[in-house]
Every structure is written in structure tokens, then in C-alpha cells.
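For the protein sequence lines, the chains are B and C, in the order given. At position 149 of the first sequence the residue is numbered 150 (my numbering), and the sequence of numbers has no breaks. At position 58 of the second sequence the residue is numbered 59 (my numbering), and the sequence of numbers has no breaks. This report refers to the structure that appears directly beneath it.
2 protein chains.
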Amino acid sequence: MKKISLILGVALMVVLSACNGKKTTDVAATDNATVVMENILARKSVRSYTEQPIGNDTIQNILRAAMAAPSGMDVRPWSFVVLRDKSNFENLFEGNMNLRKFQEAAVVIVVCADTTMAKRGTYDGSRVPNPIWRDDMGACTENLLLAVEAYGLGAVWTACYPFADRMAKIKAMLELPAEVVPYCVVPIGHHDGTTEPKDKWDEYRLHYERW
Amino acid sequence: MKKISLILGVALMVVLSACNGKKTTDVAATDNATVVMENILARKSVRSYTEQPIGNDTIQNILRAAMAAPSGMDVRPWSFVVLRDKSNFENLFEGNMNLRKFQEAAVVIVVCADTTMAKRGTYDGSRVPNPIWRDDMGACTENLLLAVEAYGLGAVWTACYPFADRMAKIKAMLELPAEVVPYCVVPIGHHDGTTEPKDKWDEYRLHYERW
Numbered sequence: 002m003k004k005i006s007l008i009l010g011v012a013l014m015v016v017l018s019a020c021n022g023k024k025t026t027d028v029a030a031t032d033n034a035t036v037v038m039e040n041i042l043a044r045k046s047v048r049s050y051t052e053q054p055i056g057n058d059t060i061q062n063i064l065r066a067a068m069a070a071p072s073g074m075d076v077r078p079w080s081f082v083v084l085r086d087k088s089n090f091e092n093l094f095e096g097n098m099n100l101r102k103f104q105e106a107a108v109v110i111v112v113c114a115d116t117t118m119a120k121r122g123t124y125d126g127s128r129v130p131n132p133i134w135r136d137d138m139g140a141c142t143e144n145l146l147l148a149v150e151a152y153g154l155g156a157v158w159t160a161c162y163p164f165a166d167r168m169a170k171i172k173a174m175l176e177l178p179a180e181v182v183p184y185c186v187v188p189i190g191h192h193d194g195t196t197e198p199k200d201k202w203d204e205y206r207l208h209y210e211r212w
Numbered sequence: 002m003k004k005i006s007l008i009l010g011v012a013l014m015v016v017l018s019a020c021n022g023k024k025t026t027d028v029a030a031t032d033n034a035t036v037v038m039e040n041i042l043a044r045k046s047v048r049s050y051t052e053q054p055i056g057n058d059t060i061q062n063i064l065r066a067a068m069a070a071p072s073g074m075d076v077r078p079w080s081f082v083v084l085r086d087k088s089n090f091e092n093l094f095e096g097n098m099n100l101r102k103f104q105e106a107a108v109v110i111v112v113c114a115d116t117t118m119a120k121r122g123t124y125d126g127s128r129v130p131n132p133i134w135r136d137d138m139g140a141c142t143e144n145l146l147l148a149v150e151a152y153g154l155g156a157v158w159t160a161c162y163p164f165a166d167r168m169a170k171i172k173a174m175l176e177l178p179a180e181v182v183p184y185c186v187v188p189i190g191h192h193d194g195t196t197e198p199k200d201k202w203d204e205y206r207l208h209y210e211r212w
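Quick look at the structure:
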């Protein structure tokens, strides 16, 4: 129902833009732009899944989207550990209040980040801290979630970094290299249809020329 | 040309999935899923713009997408300062090597973040540091960039946080409140068509069950 409202809302914006009579510099929304906007507005945190499995090609397509994120200095700090063995899920989510729900996910992706980058001007393998890896990872995770939504699946971004207890456990369990941290954990499944997107538009967040 | 390759690539993935003969649990890509994937893969950092202006409704739609990002504990730390006065652009980008190109942008959006959040269980306005505001901001900025791409416009994410010199200057110029930091600066314009997206797919970034 809320999805229909969103679609109607976006369509209305387009029609209003087209009909306002005065000359405008607004960009007319193509059908494709409308589809992309609807997908962004329809994304929601899905924590409850059916038992239907998800094939590996679908997961690879979703991770192709994740890898298309922008990254500072083109460092691409991301890697992904894909889990399907449900006996691993329990350890991963131990202590998380949503554990029981997450057990129903078809796949769990642990999104990982290399916190270092090659030292500029050296070719000897030296690495230095990357001051902006975390920003790239936020963009990467959002691409992943938007692809999940596009395929009609559901997922939820579960924070791992910067919480030392969550990180230590998952890092040991997945045998991550020293310079790699588990950034977040994303269970993915066919959602059971009970979660609706929120309308988070808030004009008071907009300022012009200064705060 | 590269965009056509991307479209063909996505189409090929869909056809291959459909034709592989064996029973699959992969999700068939709908037309809408293909459009969303293509938009994610087509996004690129555009640093060179034509002089064509951009209307305010378009900017508001783009910021509607930005505000639809997920956020930890639903804190929504984002705010946006929209700049159109070109005399302000110069100050903003002083010292940035891409300054001259960015001056051509129609609009510059300074994406800002409140680094605090309401203290749980209190209703007296007390605020505490938000440990994950930065992750939300990465997702928010990516949504913004994907909406820009969908409207056929171009933009580039220019890091501001955590670089003290960039932040201090922009914070003073825009008169941001004490708890608000300028997170990144995003010039937007009609791109001149010279920038192509990169194919960043890398199978070595994928691991199964453990690293």
C-alpha cells in the first residue's frame, strides 16, 4: 500500500513538473529515472524472511553493484564474505536481539574493509592508513542494499564497526587478515512482505546558501 | 560506448541466467531491476560540466533520495546546504586542484552531519555522540549520487570530513552549528559527456564461508 503511494507520489511529482506551465530548468524525469527513484524510496530494513533460497548468480549481481561504489583515490577498500552455512549464522549474531529472525536469511554477507592503502609514490608494497575508507564502505553497503531491493529481496544493514566486541568475534571466526575489519553484516532473504518503507523527506533539513 | 557495454553486459547476465537450463534459485531480473542495476553501474565521478542550469525541483528530488538512506537507530544525521551563488563556490574549493572545473557546476551541495544523537531514555534534550553517523552519511551521499545519475546529471563526491582544514573553513563560511560537520561537498551540473564509468567487478574480492 505504502509502495503504491510512493509510486503515485513520484508520478505526481513528474506530472506537476510537466504541467506547471512556466519555463523550467528542471530535468524531466524519464521512465528510467522514475524507476531508480522508486527503488531508492522503496528500500527498507527487512528483518524477517521466508525460507526460499537465493542463487549464487543473484548474489554476485548484488555484489557487482556493491563494487561499483565510488571510493576516495579509487582505493576500493571492500571485500565480501558470503555465508550460506546456517551453523555459522548463530555465532555471527550471538547476543544480537534480532538473532532468531536473522537465522531465517538465505545468505549472510559480511562486508569487510581494508583500512589501509598503498603509500603514494612507493612501489614496495608499503601501506599507510586510509583516512576515508569508512565513507567508501557506507556507499558500498548502500549500493548492495539498493540492488537487493531491485531484485525484490530484503536485507538489513547490521553495524559491526566500530564496536570492538562484535568486530573481534567476527574477525576471528572469518579469519580476516590483520588490516581488514568486518564493517557490517547483511542478512539477505526473500522478505515476508510485512515491512514498509518510511517516508523520510524533511524540508527542514534543507538550507540555502548558509545554515 | 562503455555505457552500451554495461547495458549489454547486464542483459547478457540476465539471458545467461534464463538459459542455463538447470533449475535455479536465482531471482529473474525484472525490467526494473535491470534499470536500477544499470544506473548503479553507470554512476561515475563527473568533474566537468556544461553551463546549463538545474531547477530547484530537480535538486529537491535528488535530496529526497539522499534522505531515504538507512541510518543506525533511525537517527538521520543529515542536512544539506544548497549553494547556487557562484561567488561562494570559489571560497569553498580554494586550494582544491579541481577548483576551476567545479566553478562550472550549476549547484553545489554541502552534505552536513550532526555527530550527536538524543540520549536514550531522556527527554530533556540531552545529546550524546553518535558512534555510527559517518556510515549513515556514506549511504546518504551514495543515494544522492545515484539520483543525480538517474536524472542524467553529473556530480562528484569531494571529501571534507575528516580533514580539519577543509572542515574549519566550510563550517565557518556556512555558519554551521557546533555539533554539525561538513561531511562532503558535491558539485552538480549537466555533464559534458567526457567521463565514462569504470567496471570495478573483481572476483578476488569475494570469499565464501571464510576469508
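In this text, a Cβ means the ideal position worked out from N, Cα and C, and glycines have one as well.
Judged by their CB atoms, residue 82(B) and residue 131(B) are not nearer to each other than the 8 Å cut-off.
For residue 103(C) and residue 180(C), the gap between their C-alpha atoms comes out near 28 Å. For the region 182-198 of chain B, the beta-carbon criterion of a distance under 9 Å to any beta-carbon of chain C is satisfied by 184, 185, 191 and 198. Under the three-state reduction of DSSP, residue 84(B) is assigned to strand.
Residue burial annotation: residue 129(C) is exposed, with fewer than 16 other C-beta atoms found within 10 angstroms of its C-beta.
Per DSSP, residue 128(B) is one residue of the beta strand (DSSP E) stretching across 128-130. At least one beta carbon of chain C lies nearer than 8 Å to the beta carbon of residue 56(B). Taking a C-beta cut-off of 9 Å against chain B, the contacting residues of the region 73-91 of chain C are 73, 75, 77, 79, 80, 81, 82, 83, 84, 85, 86 and 89, listed in chain order. Short of 7 Å from the beta carbon of residue 140(C), and not among the five residues preceding or following it, lie these beta carbons of its own chain, in chain order: 70 and 71. Residues of chain B whose Cβ lies closer than 9 Å to the Cβ of residue 176(C) are, in chain order, 211 and 212. Looking at the backbone, the Cα of residue 52(B) and that of residue 116(B) are separated by about 35 Å.
Taking the beta carbon of residue 49(B) as reference, no residue of chain C falls within 8 Å; the closest one sits roughly 16 Å away. The C-alpha of residue 95(C) lies about 22 Å from the C-alpha of residue 192(C). For residue 28(C), the neighbours in chain B by C-beta distance under 8 Å run, in chain order, 55, 56, 59, 152, 153 and 154. If you check the CB distance, residue 37(C) and residue 108(B) do not come in under 8 Å.
In the assembly as shown, residue 211(C) is an exposed residue. Its beta-carbon has fewer than 16 other beta-carbons within 10 Å. The C-beta distance from residue 68(C) to residue 206(B) rounds to 6 Å, short enough to meet the 8 Å contact threshold.
Beta bridge pairing from DSSP links residue 192(B) with 50(B). Counting every other CB atom within 10 Å of its CB across the protein chains shown gives residue 29(C) a total below 16, marking it as exposed. CA-to-CA, the gap between residue 201(B) and residue 136(C) works out to about 17 Å. Relative to residue 146(B), the option among 33(B), 35(B) and 41(B) whose CA is nearest is 41(B). Within the region 98-152 of chain B, the complete alpha helix (DSSP H) segments of 4 residues or longer fall at 100-103 and 134-151, listed in chain order. Setting aside the 5 residues that flank it on each side, residue 161(B) is surrounded in the same chain by 167, 168, 171, 183, 184, 185 and 186, each with a C-beta closer than 7 Å to its C-beta; the list follows chain order.
The beta-carbon of residue 133(C) is placed less than 8 Å from the nearest beta-carbon of chain B. At a C-beta separation below 9 Å, residue 143(C) has these neighbours in chain B: 70, 71, 139, 140, 141, 142, 143, 144 and 147.
In the structure shown, the three-state DSSP call for residue 173(B) is helix. In this chain, the beta strand (DSSP E) harbouring residue 207(C) covers 207-209. Taking residue 156(B) as reference, the option from 35(B), 198(B), 208(B) and 92(B) with the minimal CA-CA separation is 198(B).
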